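A.B. asks: Pasting a structure below so you can have a look.
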Amino acid sequence: MALEKVNHILKRRSIIFLVSDFIADPESYRVAMATTNRRHDLIAVDLHDPLESEIGNVGLLAIEDPETGEIRWVDTGSKAWRTAFRQRVEHARAGKVRAFRQAAVDHIGIGTDQDYVAPLTAFFQERYKRLRH
Numbered sequence: 205m206a207l208e209k210v211n212h213i214l215k216r217r218s219i220i221f222l223v224s225d226f227i228a229d230p231e232s233y234r235v236a237m238a239t240t241n242r243r244h245d246l247i248a249v250d251l252h253d254p255l256e257s258e259i260g261n262v263g264l265l266a267i268e269d270p271e272t273g274e275i276r277w278v279d280t281g282s283k284a285w286r287t288a289f290r291q292r293v294e295h296a297r298a299g300k301v302r303a304f305r306q307a308a309v310d311h312i313g314i315g316t317d318q319d320y321v322a323p324l325t326a327f328f329q330e331r332y333k334r335l336r337h
């Protein structure tokens, strides 16, 4: 993983921005983030596409599991399926936030549909206030 490489290469304490969609299982990166954050100041920048959080009614849709190659057909017209999909997305988001918190890593969420300046500015203003006290 990239964080293990960073820990090996960087000897002096540094500020590290980890930019990712953090789509993998949070347990797969939580420990590495915690380890890096103990040696450095790690800030996770979580990029997310709002279009990936909601699937409208587009009829039957073939979805392929990238790990197994299995193709599954889903009826996006089903309200129950769309509700379950939203719940899975929310569960995944909560898992990311929990992993950041458990690793004691500050994080910034930035949507691909928004200007990145406002979230970054708000993050650093809040961080400055918190670290100053």
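Counted from 1, the sequence shown has number 249 at position 45 by our numbering; the numbering is strictly sequential.
In this text, a Cβ means the ideal position worked out from N, Cα and C, and glycines have one as well.
The structure displayed is predicted, hence computed values, not measured ones.
Do Val249 and Val223 have their C-beta atoms closer together than 7 Å?
C.D. replies: Yes. Within cutoff.
A.B. asks: Out of Gly281, Asn241, Ser232 and Asp269, state which residue places its alpha-carbon closest to the alpha-carbon of Val210.
C.D. replies: Nearest option by C-alpha distance: Asn241.
A.B. asks: For Met205, count the other beta carbons within 10 Å of its own beta carbon; 16 or more makes it buried, fewer makes it exposed. Which is it?
C.D. replies: The residue is exposed, with fewer than 16 neighbouring Cβ atoms inside 10 Å.
A.B. asks: Where are the beta strand (DSSP E) runs, 3 residues long or more, that stay fully inside the stretch 219–287, in chain order?
C.D. replies: Correct list: 219–224, 245–252, 264–268 and 275–279.
A.B. asks: Pull up the CB-CB distance for Arg302 and Ile259, whole angstroms please, since I reckon it's below 8 Å.
C.D. replies: Contact doesn't hold; Cβ gap of about 24 Å is too wide.
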